[in-house]
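Input: a single structure, listed below in structure tokens.
There are 2 protein chains.
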Amino acid sequence: MLRVGLLAAGLIAGLSPVARAAEAVTEQWGIFDLTLAGPATGNPFRDVKVSATFTQGSASVTADGFYDGGGTYRVRFMPDQPGEWRYTTASDTPELNGRTGAFTVVTPSPGNHGPVRVAHTYHFAYADGTPYKPIGTTAYSWVNGTEAQQDLTVRTLAASPFNKIRMEILPRVTDSRGTASRPMPFAALSGGERDFTRYDPGFFQQVEKRLGQLRELNIEADLILFHPYGKNDGLRLSATEADGYLRYVVARFGAYRNVWWSLANEWDLIRTRTEADFVHYGELVSAHDPFHHLLSIHNSAVIFNHTLPWITHASIQNGSAVEASDRAELYRDVYRKPVVYDEVKYEGNLPQRWGQLTAEEMVHRFWEGTVAGTYVGHGEAYADDPDSWLSHGGRLRGQSPARLAFLKTILADSPAQGLDPIDKWQDTPAAGVPGQYYLYYFGLNTPTTWPFQLYKNGIRDGLRFRVEVIDTWGMTVTPVPGDFVTKQKDNYNFTDDQGRAVALTGKPYLALRIRRVDDTPAVPLTAPNGE
Amino acid sequence: MLRVGLLAAGLIAGLSPVARAAEAVTEQWGIFDLTLAGPATGNPFRDVKVSATFTQGSASVTADGFYDGGGTYRVRFMPDQPGEWRYTTASDTPELNGRTGAFTVVTPSPGNHGPVRVAHTYHFAYADGTPYKPIGTTAYSWVNGTEAQQDLTVRTLAASPFNKIRMEILPRVTDSRGTASRPMPFAALSGGERDFTRYDPGFFQQVEKRLGQLRELNIEADLILFHPYGKNDGLRLSATEADGYLRYVVARFGAYRNVWWSLANEWDLIRTRTEADFVHYGELVSAHDPFHHLLSIHNSAVIFNHTLPWITHASIQNGSAVEASDRAELYRDVYRKPVVYDEVKYEGNLPQRWGQLTAEEMVHRFWEGTVAGTYVGHGEAYADDPDSWLSHGGRLRGQSPARLAFLKTILADSPAQGLDPIDKWQDTPAAGVPGQYYLYYFGLNTPTTWPFQLYKNGIRDGLRFRVEVIDTWGMTVTPVPGDFVTKQKDNYNFTDDQGRAVALTGKPYLALRIRRVDDTPAVPLTAPNGE
Chain A
1 MLRVGLLAAG
11 LIAGLSPVAR
21 AAEAVTEQWG
31 IFDLTLAGPA
41 TGNPFRDVKV
51 SATFTQGSAS
61 VTADGFYDGG
71 GTYRVRFMPD
81 QPGEWRYTTA
91 SDTPELNGRT
101 GAFTVVTPSP
111 GNHGPVRVAH
121 TYHFAYADGT
131 PYKPIGTTAY
141 SWVNGTEAQQ
151 DLTVRTLAAS
161 PFNKIRMEIL
171 PRVTDSRGTA
181 SRPMPFAALS
191 GGERDFTRYD
201 PGFFQQVEKR
211 LGQLRELNIE
221 ADLILFHPYG
231 KNDGLRLSAT
241 EADGYLRYVV
251 ARFGAYRNVW
261 WSLANEWDLI
271 RTRTEADFVH
281 YGELVSAHDP
291 FHHLLSIHNS
301 AVIFNHTLPW
311 ITHASIQNGS
321 AVEASDRAEL
331 YRDVYRKPVV
341 YDEVKYEGNL
351 PQRWGQLTAE
361 EMVHRFWEGT
371 VAGTYVGHGE
381 AYADDPDSWL
391 SHGGRLRGQS
401 PARLAFLKTI
411 LADSPAQGLD
421 PIDKWQDTPA
431 AGVPGQYYLY
441 YFGLNTPTTW
451 PFQLYKNGIR
461 DGLRFRVEVI
471 DTWGMTVTPV
481 PGDFVTKQKD
491 NYNFTDDQGR
501 AVALTGKPYL
511 ALRIRRVDDT
521 PAVPLTAPNG
531 E
Chain B
1 MLRVGLLAAG
11 LIAGLSPVAR
21 AAEAVTEQWG
31 IFDLTLAGPA
41 TGNPFRDVKV
51 SATFTQGSAS
61 VTADGFYDGG
71 GTYRVRFMPD
81 QPGEWRYTTA
91 SDTPELNGRT
101 GAFTVVTPSP
111 GNHGPVRVAH
121 TYHFAYADGT
131 PYKPIGTTAY
141 SWVNGTEAQQ
151 DLTVRTLAAS
161 PFNKIRMEIL
171 PRVTDSRGTA
181 SRPMPFAALS
191 GGERDFTRYD
201 PGFFQQVEKR
211 LGQLRELNIE
221 ADLILFHPYG
231 KNDGLRLSAT
241 EADGYLRYVV
251 ARFGAYRNVW
261 WSLANEWDLI
271 RTRTEADFVH
281 YGELVSAHDP
291 FHHLLSIHNS
301 AVIFNHTLPW
311 ITHASIQNGS
321 AVEASDRAEL
331 YRDVYRKPVV
341 YDEVKYEGNL
351 PQRWGQLTAE
361 EMVHRFWEGT
371 VAGTYVGHGE
381 AYADDPDSWL
391 SHGGRLRGQS
401 PARLAFLKTI
411 LADSPAQGLD
421 PIDKWQDTPA
431 AGVPGQYYLY
441 YFGLNTPTTW
451 PFQLYKNGIR
461 DGLRFRVEVI
471 DTWGMTVTPV
481 PGDFVTKQKD
491 NYNFTDDQGR
501 AVALTGKPYL
511 ALRIRRVDDT
521 PAVPLTAPNG
531 E
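Going down the list, the protein sequences come from chains A and B. The opening position of the first sequence corresponds to residue 1 in the numbering used here, with each subsequent residue numbered one higher. The opening position of the second sequence corresponds to residue 1 in the numbering used here, with each subsequent residue numbered one higher.
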């Protein structure tokens with residue numbers, strides 16, 4: 001269901017110097033869609049530039065506009081504050097220049113928390129401060145399938161735990177669905193060729209429809225701007241055309257609060273672009289996105305340099321890294337940014353080793369990533385199904401999503417600031433907040449007992465904790481009777497003052513949740529990795 | 001034994017416009033030590049600048065000089081080509097300016113391979129192309145102990161496998177040996193204070209004596225320029241004084257071909273310096289070192305940004321990373337530079353967990369690092385010995401050095417280009433050169449058989465390999481009878497055409513060396529990590 005104010009507010013400016021759009025109500029982090037009439041001749045996509053500067057008090061935001069066909073230009077704005085905003089347009093085209101107006105932004109509707117930002121160095125939160133803990137999935141080409149398939153995908157997502165989806169913009173030209181019947185991003189020329197300086201607004205409008213639906217579902221759209229697959233048109237763009245495409249995409253989609261930019265999938269497999277090209281694209285997107293969406297780039301064998309300042313988080317393909325939390329943690333230290341393992345191989349039964357994880361292994365990787373203080377992405381693919389979720393969305397059939405929904409409930413009930421490794425580079429697979437909350441994960445180990453023990457940071461003698469045993473596959477949480485009370489054991493660890501241990505079932509994939517239950521003051525924390 | 005030409009060639013310039021130093025013979029990558037007479041009044045360390053430009057044909061190298069006390073100035077030059085060189089000095093001090101001369105550089109003596117450089121992205125080689133495969137150790141304060149202790153350390157090193165040593169320049173003021181009887185780097189003032197703008201040449205000359213001895217032993221001196229320990233004077237330098245100290249050190253020591261610069265040990269524990277300070281120091285050292293020595297910086301809990309362009313290799317403290325090769329490998333992908341795990345905890349029996357590795361675990365970490373395509377550093381410390389090697393050099397007593405000597409023989413007999421992971425991010429702990437050479441390491445696993453299997457890259461049916469079983473702890477190499485002949489098994493791997501397996505002893509710490517023995521042409525390699 002679309003709420004008023006989340007819809008693009010359509011109004012035509014230009015009738016008077018200050019057009020008062022009394023009928024248009026935009027909410028904070030919604031889209032104010034400034035519509036302007038201008039020239040329809042020549043190549044307006046390439047040759048006509050328009051922007052608008054939006055102001056409120058001392059705040060000023062300039063957004064690029066774009067041509068939407070039929071003599072219509074739009075400048076989209078995602079206001080980050082309620083109240084009165086004014087705008088002034090700028091263009092070399094006189095009829096688009098110097099248009100001014102004002103509009104009112106109302107407070108956000110329930111469920112609208114704004115765009116996702118980096119928080120606490122390694123984690124995420126919505127702009128209103130609400131924690132955002134990604135449980136991502138991937139359905140690369142879903143917005144390029146049939147309407148029915150896309151509708152099905154939206155229904156599936158609505159019933160799933162996923163709050164982020166990786167998706168390509170540019171259609172795969174060679175895939176079995178053909179291209180003739182679909183809108184394509186670039187304008188068709190005779191002979192099957194394309195004009196890469198003109199776009200088909202219909203293509204982008206249908207993507208926007210899906211972005212809006214994802215936004216309603218509070219699902220972040222991790223938009224893949226270039227990819228190496230299926231002889232897609234992005235591989236053929238000249239340098240100028242590539243810049244033009246990126247600016248068009250950023251101008252069109254940037255006001256959707258749920259957009260993330262992923263410059264590429266498997267950037268190093270895109271043979272027509274160099275690493276320097278992608279640095280340029282990153283700088284360009286960063287410079288032209290006034291809303292500062294999350295921005296990263298995904299690798300095949302060659303990880304991009306995620307230390308670059310315009311990269312907000314590390315988007316990494318590496319299945320091996322999340323086989324164990326002590327591996328998964330290492331990239332955090334390197335990047336000092338959120339680490340999202342967007343591709344860790346996929347649940348399924350493909351002959352290729354990237355698509356034959358058991359559901360247990362997929363869930364296991366999510367948990368290992370979680371107790372490493374990182375985030376993991378899902379996907380599934382099946383040899384007997386050319387319409388597998390990974391490529392085309394549709395229906396999920398794997399056994400991992402139910403367990404990821406369970407993990408999501410655990411995360412929802414975890415500290416808002418995110419989970420960080422408790423004692424990094426040591427032996428303990430635990431994340432949490434020292435002295436307050438601990439999530440241990442035993443992975444493939446099958447212990448029958450766990451002697452209660454906490455690393456010293458944030459602990460002193462006499463603190464009380466309650467322990468729950470989590471079966472991550474069985475999706476159960478079982479409280480352990482009684483409190484555990486800390487008593488210093490040695491230079492590094494505290495145990496229970498009665499020497500108590502936690503009984504475990506001897507199954508794999510067990511975890512522990514340990515929460516402080518006394519109300520004494522917090523113990524001051526020391527630096528991590530204290531020796 | 002010092003050879004002629006490795007000794008500093010002392011000559012006094014300034015007697016004639018072109019002083020011909022017929023008696024001075026400098027060899028390539030030796031030190032030409034240009035000696036100049038100048039003012040001894042005021043503070044020549046701080047106030048007198050002199051440099052010299054050395055030319056041969058179109059080659060031109062400018063090196064900073066330094067004041068060595070007693071009215072003597074020196075400009076040191078490490079020539080990288082034999083033949084005739086000329087020099088011209090430059091200084092604002094007239095008597096040091098415009099001095100010219102010429103000298104002859106002869107070809108290097110046997111054993112002089114020049115400075116170590118990065119080679120093949122992840123590895124090292126001497127300037128003459130000879131592979132350099134670090135087996136490093138650490139004795140932080142050894143050049144600040146007694147003469148007898150230093151002499152003992154040199155003898156110990158001569159009999160050890162180590163070809164690199166991490167060592168601090170700046171003495172620990174608080175250590176038990178006292179400071180009164182030792183030369184100190186900064187000039188003494190009354191009342192126990194120091195003038196941080198004046199240096200004691202005697203201190204630096206004794207360090208140089210040890211650098212020269214290490215050079216004779218072909219041991220690289222990984223010089224730690226700042227460290228957090230023992231209230232050393234480096235902690236107290238002002239910004240200007242710190243820059244002056246670094247420039248003095250670079251000017252004095254930079255012509256020693258075996259010098260590496262380590263900006264800091266545990267940089268993040270140095271509370272008087274910021275990360276930005278160390279970026280500045282790195283840029284300064286890089287700009288003022290005309291000989292381009294290897295340059296890095298070592299961490300405690302916060303890894304430095306080793307992607308910065310002036311950092312030649314990643315110097316990392318992380319013991320956990322080398323517990324398993326699939327962890328150790330991860331930093332390679334991030335930095336695309338050599339990765340040297342300079343601190344992986346230490347062999348010994350300290351109560352601190354950083355100093356209680358068994359010898360087996362220390363050796364194990366070297367092997368895990370090796371099959372990850374990285375390098376590892378050694379150290380040892382004992383609770384019953386305040387003179388432990390780690391701090392003061394002296395004698396080695398651990399059980400790991402003998403096994404590291406054994407590893408060194410394996411590396412000496414491995415491909416010159418270095419060992420790279422064969423099939424990264426997958427399950428196989430093997431490094432080597434695809435199609436030619438493989439080193440598998442089983443670590444803590446205790447297999448009794450290994451079905452012969454090689455990843456597809458560089459392999460086709462019918463290639464012949466010989467296998468040797470290595471007991472890395474027992475220090476034995478046992479050939480397996482007969483050849484193994486490749487036959488494709490599936491999309492990823494080849495096995496033996498007779499399905500043969502290698503029998504193993506069931507001990508831990510076993511490795512395999514597998515070498516191609518047929519002489520058919522090499523199979524073209526594909527990109528790594530092919531799916």
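The beta-carbon is built from N, C-alpha and C at its ideal position, and this holds for glycine as well.
| Query | Result |
| --- | --- |
| Gly369(A) burial status per 10 Å Cβ neighbour count (16 or more: buried) | buried |
| C-alpha gap between Pro44(A) and Pro421(A), whole angstroms | 52 Å |
| Cβ shell of Arg257(B) (< 7 Å), same chain only, five flanking positions each side left out | Trp29, Met78, Gly114, Pro115, Arg215 |
| C-beta neighbour in chain A for Gln426(B), strict 8 Å | yes |
| CB of Tyr73(A) within 8 Å of CB of Gly38(A), strictly | yes |
| Contact under 8 Å by Cβ, Ser400(B) with Val376(B) | no |
| Touching by the beta-carbon criterion (3+ pairs, under 8 Å), the segment 258 to 267 of chain A and the segment 215 to 233 of chain A | yes |
| Listed by chain order, chain A residues near Ile303(B) by CB distance under 8 Å | Asp333, Val334 |
| Cβ pair Leu504(A), Val469(A) closer than 8 Å | yes |
| Burial state of Gln317(B), where buried means 16 or more other Cβ atoms lie within 10 Å | buried |
| Spatial distance of Pro17(A) from Leu34(A) (CA atoms) | Residue placement at Pro17(A) is flagged as unreliable, the pLDDT there being 39, under the threshold of 50; the coordinate-derived value follows with that caveat. The alpha-carbon atoms of Pro17(A) and Leu34(A) are separated by roughly 14 Å. |
| Coil, strand or helix - Ala522(B) by DSSP | coil |
| Proximity below 8 Å, CB of Gly244(B) to CB of Arg46(B) | yes |
| Buried or exposed by the 16-neighbour rule on C-beta atoms within 10 Å, applied to Leu223(B) | buried |
| Contact set for Asp128(A): own chain, Cβ-Cβ below 6 Å, skip 5 residues either direction | His113, Gly114 |
| Members of the segment 109 to 137 of chain A near chain B, C-beta cut-off 7 Å | none |
| Run of the beta strand (DSSP E) containing Trp260(B), from where it starts to where it stops | 259 to 264 |
| Residue from Val480(B), Gln498(B), Lys456(B) whose Cα sits closest to the Cα of Val523(B) | Lys456(B) |
| Beta-bridge pairing of Phe278(B) - partner residues as DSSP gives them | Partner(s): none; Phe278(B) has no beta bridge. |
| Thr197(A) to Asp471(A) span [Cα, whole Å] | 54 Å |
| Closest residue to Val433(A) among Leu237(A), Gln426(A), Gly418(A) (Cα-Cα distance) | Gly418(A) |
| Contacts that Gly319(B) makes with chain A (C-beta to C-beta distance below 8 Å) | Trp425 |
| Closest Cα partner of His292(A) within the set Thr53(A), Val118(A), Glu168(A) | Val118(A) |
| Nonlocal neighbours in the same chain, by C-beta distance under 7 Å from Asp483(A), ignoring five residues either side | Arg464, Phe465, Arg466, Val517 |
| Minimum Cβ-Cβ distance from Asn43(B) to chain A less than 8 Å | no |
| Segments of 3+ residues assigned as beta strand (DSSP E) that fall wholly inside the segment 310 to 358 of chain A | 314 to 317, 339 to 343 |
| Simplified DSSP assignment, three categories, for Glu360(B) | helix |
| Identity of the residue in Thr449(B), Gly393(B), Phe54(B) nearest Gly83(B) by Cα | Phe54(B) |
| Beta carbon proximity, Pro351(A) to chain B, threshold 8 Å | yes |
| Chain-ordered chain B contacts of Arg327(A) [CB-CB under 7 Å] | Asp326, Arg327, Leu330 |
| Cβ-based neighbour list, Glu347(A), same chain, cut-off 6 Å, excluding 5 preceding and 5 following | Leu357, Ala359, Met362, Glu380, Gly398, Ser400 |
| C-beta neighbour in chain B for Asn491(A), strict 8 Å | yes |
| Per DSSP, the bridge partner or partners of Arg166(B) | Thr138(B), Asp222(B) |
| Residue(s) in a DSSP beta bridge with Val48(A) | According to DSSP, which records beta bridges pairwise, Val48(A) is partnered with nothing at all. |
| Simplified DSSP state of Leu214(B), which is helix, strand or coil | helix |
| Contact set for Arg403(A): own chain, Cβ-Cβ below 7 Å, skip 5 residues either direction | Val363, Thr472, Trp473, Met475 |
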